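The structure appears right after this line, and notes come after that.
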Amino acid sequence: MRNRLLCLLTAFSLSGCSAASPRHPALEPLLDTIEQRLAIAQAVALHKWDKEQPVQATDREQAVLARVQVAAPGLGLAPHDAEAFFADQIEANKLVQYTLLHQWRLEGRAPDNLRADLQTVIRPKLDRLEGQLLKQLAAFRRQDGQACARSVATAIASRPSAPLMKQGMIRATGQLCDPS
């Protein structure tokens, strides 16, 4: 009797856990690509460290936002939704860059990692991820949005990422569940 009660309670508590956070099949691929984009922030920060350039690149940001607004309707997205999502991606990337640059200033040097050229290597990677992110955002938007914020929070918390990467992910998904 006691074992049956324990089994029943365990089964009940486990079923409650899965019901609390419904799965969004398009969420994990989207988060994977966001994380890939954020991982490039270190290469961007290294370039800016070496060239003594500011993190803020307004012209580049405006060009990205304009491109995604134009591409959005072809994927079934509202232009302002795509723009808000990508504004969050840009801000998250800058958060990572500012944090890394701050750490390197405190240490008096940047890591000795292999450097990549911003124009010929880094930006083409970012541009490829841009198209992938738009497609994944469209797939995510086609899903049922119930419990979206909890699903995103749970998915980010469960990722085996470094704390700075998780902070970037949190910033990058700030408006993900609030399409305008």
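First residue of the sequence shown? That's 92 in my numbering, and the numbers climb one at a time after it.
Backbone N, C-alpha and C define an ideal beta-carbon position, used for all residues, glycine too.
Values in this document were obtained by computation on a predicted structure and should not be read as measured data.
Enclosing alpha helix (DSSP H) for I131 [first to last residue]: DSSP places I131 outside any alpha helix (DSSP H), giving it a letter other than H or E.
Can you find at least 3 beta carbon pairs, one from the region 118 to 133 and one from the region 187 to 196, that sit closer than 8 Å? As far as the Cβ criterion goes, the region 118 to 133 touches the region 187 to 196, which means the pair count is three or higher.
Pair every Cβ in the region 164 to 181 with every Cβ in the region 223 to 238, then say whether three or more of these pairs are closer than 8 Å. Short answer: they touch.
Of all the options L122, L192, Q223, which has the alpha carbon lying nearest to the alpha carbon of Q147? A check of alpha carbon separations from Q147 across L122, L192, Q223 identifies L192 as the nearest.
Note down the Cα distance separating N184 from L129, rounded to an integer number of angstroms. In this structure, the straight-line span from the alpha carbon of N184 to that of L129 is close to 6 Å.
Compare the C-alpha of A154 against each of T264, P270, E221 and name the closest. With distances taken between Cα atoms, A154 lies closest to E221.
May I have the straight-line CA-CA distance separating L122 from G199, to the nearest angstrom? Computed Cα separation, rounded: 33 Å.
Nearest candidate by alpha-carbon position, reference C268, set D179, Q258, S249, Q160: For C268, the closest of D179, Q258, S249, Q160 by C-alpha to C-alpha distance is D179.
Smallest Cα separation from L138: which of R206, E174, D218? At residue 138 the sequence reads His, which differs from the Leu that was named. When each option's Cα is compared against that of H138, the closest is R206.
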